[in-house]
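Inspection log for the structure reproduced underneath, given as structure tokens.
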Amino acid sequence: MSKILNRPELDWDKQGQPFSTTFQDRYFSAVSGIEESRQVFLHHNRLAERWANLNSDDGGHFTLIETGFGTGLNCLCAADLWLKTAPSNWQLHLISVEKAPLNASELQRALALWPELSTLSEQLQQQYPPLLTGQHQIDLVPDRIRLSLLFGDATEMLEQLRASDHKAWRRTGNAKADAWFLDGFAPAKNPDMWQPELFQILADLSTIGTSFATFTASGAVRRGLQQAGFEVEKVAGFAGKREMLRGVMQSEPEVSPPTDNARNRNGIAPWSLNPNPPAQQKTVLVIGAGIAGCTTANALAKRGWQVTLIERHPMPAAEASGNPQAVIYPKLSKQDSDLSRYGLHSLLYAQRFYRPFWQRDDYGQQCGVLMLPSSAKQRSDFTAIGERFADSPQLVQWVDGDKASTLAGIDLSADGALHCPSMGWIRPANICAELIDHPNIRHQCAEVDHLQNRNDEWHLLDKNGAELAQAATLVLAASHQVGKFEQTNHLPLKSIRGQISTVTTSSASESLQSVICGDGYLTPAHQGHHSLGASYNLNDHCDQLRHSDHLANFAALKKTDPMLADALNADLDSIDGRVGFRCTTPDYLPIVGSAPDPEAMRERFAPLSKNARAEIPLPGIYYPNLYLNCGHGSRGFSYAPLAAELLAAQINGEMPPVERKLRDALNPARFLIRGIKRGKR
Ligand code: SAM
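Counting the sequence shown from 1 gives a position; the working numbering is that position plus 100.
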């Protein structure tokens, strides 16, 4: 995953329309792509009628999944129709999978053919991700239309939308599609995509009433869809094409017998699956108003949930999220691991998430980030990273020393750097305050001492046992405080003290244009000060500023770039700063998802202590409607926006915005399972 994708081989015909030379097929009809899209995919899924009839008394979401994003024409036509027909309190979730995506300029060229879609296509182009495998989230129309681009093979990527890959549980706990656009080149030219496994996944992600439409009338496709449980009808095709297929899922499809493919070998114990039904009422309590809690509250409020946000401080972002400037920069790696993949995808999402803030005053700056190597070994790693991401210069590129100095606006000692032009810094307190300024979010200043689950509701109590609030759904986003509740004190949270130094600008340092990262980081000036940070001390609970830590921050800057440290010319005796405590985990990935019941999990999965690969065909045991979002360490501002989307999608019964393998890597029960396997309580 997160590797670079194959590029499509394209020709452009006389009308300026794309043609795939690899598949010897067109992206859309030469007669009129837009009319074809409207007739084949919109009309035959009956979208105009279904959307106009959505119940506007109650908001909700409609999920439309496509195979073969291509130029995005079908998705944009669907988005356009949604805006014209659907009630404004409903959200459209478009999901489209693409194995060989066009690059940004090819996309621009193709979409220029449809001026009537220009507002939507500009949004798409502005947020179009780098061509890296995995799931990319785009807010196509804020609060109304989300687009998930799944870059990779259709079967492999759609399979990741299932809640479990265990052969007995593949249909359980899945969010369902409302409609499918089955595009992709013709089955005769692209047989690899139209396989029985794909039809099985379509069935697993469908329910009674889910519709599909496809341009093809191929017998194999018709039979595959019928076997998967769709009632299939042949109708006239577009512009003289004889036939096409459309249909509807009429009954809950049978669970098909397990196929003995490689993926099922991972299905030994589906501990990550939470089979609890979601809450009926759209009311939720969120504890903690740092970046994790504020993004979660916002993501749920946007989905129509009534949120009570409970925080012991009177203002948001009062603890670890409270530094004056926070840096958004990647931790890129030469290798592919769960950590590097979550880091990359959350960062790509964070950069799109902060974009509207960066376009306004007082929320930070998308000024770019320069990452300077601090050793010869790191320099060679950085150049390798530059090569790995050579097709994504808007994400990261290797620049030489002169270019680095020009970008920094100040002379640097470094003889090269990784440059991330679309990153920058943010003002956490302003962003948190803005995120929770929403009509669906109510604020409550209180310190929760313990949690009780009674009559299917969570009750929050203070230290005297007085009730503070109650609701069926509860999210714990209170950093270290999560470790004090009886239900969640098994989590291995670690505290890491961090001290930043706030440094008055010098005449030379004022011109710094870009964030500089190395052993520490230095931000461009804001209101006459730079932020320099941060120290990193495990299990150090001192909340007082320490002069020695200011010295250490300066020493780190000097090591990163001596000329920059000289330009700062700081008076170390009159320096100020701030102390915060990061909450992190042993694997440095955040904790996002349902809260497991530790005793019940230990009992159910006890055989794993004798044989880590024991077949236990049972799902996990989780508390009803209790969720966690914490453990973001020093990367909260990069990790939290995607974590919040993931949690909100889970709570709201939507298709997840993160692949299952990564969801499992973030699952709060992972530590329990690892502990059982190692024979530890
Ligand atoms: N729906 C597109 C539009 O609105 O422009 C046109 C789709 S074009 C006819 C077919 C697309 O399917 C191509 O972009 C192709 O790369 C993609 N595709 C082909 N095989 C695929 C596979 N196995 N997985 C994912 N995408 C695939």
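Every residue, glycine too, gets a C-beta built ideally from N, C-alpha and C.
CB contact flag (residue i, residue j, <8 Å)
i    : j    : result
G620 : G390 : no
L282 : F330 : no
G680 : G598 : yes
G633 : P528 : no
T588 : A695 : yes
L258 : F299 : no
S205 : W214 : no
D481 : G501 : no
Q260 : K659 : no
L576 : L622 : no
L638 : L651 : no
Q208 : Q227 : no
R98  : I245 : Lying before the first or after the last residue shown, residue 98 is absent from the chain, which here runs from 101 to 781.
M293 : T167 : yes
L232 : L194 : no
I541 : V407 : yes
I526 : G443 : no
Nearest candidate by alpha-carbon position, reference residue i, set the options
i    : options                : result
D278 : T310, A328, W269       : T310
A418 : G388, A399, V427       : G388
G159 : E567, D180, R107, A401 : A401
Q223 : L247, V603, L231       : L247
A508 : I428, I600, A608       : A608
V615 : L105, L535, Y429       : Y429
L448 : A740, A484, Q581       : A740
L373 : M701, L173, R778       : M701
G733 : R774, N725, P690       : P690
L746 : R460, G693, E703       : G693
G468 : E487, L518, S492       : L518
G234 : Y454, L305, K199       : K199
A665 : Q227, S492, C617       : C617
K341 : T314, L302, I773, H647 : T314
C730 : S595, T483, Q115, E567 : S595
A210 : L561, S132, D265, A369 : S132
M523 : A320, I510, P493       : P493
S218 : W458, R554, W280, A179 : A179
P303 : L192, A328, F285       : For the sequence presented, residue 303 should be read as Ala rather than Pro. A303 has its Cα closest to that of A328, out of L192, A328, F285.
D511 : H580, G443, E610, D491 : E610
G116 : A379, R682, T171       : T171
N155 : I773, L612, S188, C175 : S188
N274 : K267, R262, A288       : R262
Burial state of residue i, where buried means 16 or more other Cβ atoms lie within 10 Å
i    : result
E699 : exposed
W112 : exposed
F771 : buried
P358 : In this prediction, P358 scores a pLDDT of 48, lower than 50, which makes its location untrustworthy; the coordinate-derived value is nonetheless stated afterwards. Classification of P358: exposed, given that the 10 Å Cβ count is below 16.
H641 : exposed
P539 : exposed
M415 : exposed
T121 : exposed
S475 : exposed
E352 : exposed
E487 : exposed
C520 : buried
R323 : exposed
Q627 : exposed
D764 : buried
G319 : exposed
N725 : buried
G779 : exposed
E754 : buried
D360 : Interpretation of D360 is limited by its pLDDT of 48, a score under 50 that renders its predicted location unreliable; the figure taken from the coordinates is listed afterwards. D360 comes out exposed.
G284 : buried
Anticipated Cβ contact below 8 Å, residue i with residue j, distance rounded
i    : j    : result
P707 : I716 : 6 Å
T272 : P375 : 6 Å
P709 : I776 : Here residue 709 is Ser; the residue named in the question, Pro, does not match the sequence. Indeed, because the Cβ distance is near 5 Å, the residues count as touching under 8 Å.
F169 : S137 : Not a contact, Cβ separation roughly 13 Å.
L742 : S437 : Going by Cβ atoms, the distance from L742 to S437 rounds to 17 Å, so no, they are not a contact pair.
F654 : A670 : 7 Å
C545 : E411 : 6 Å
V603 : H630 : 5 Å
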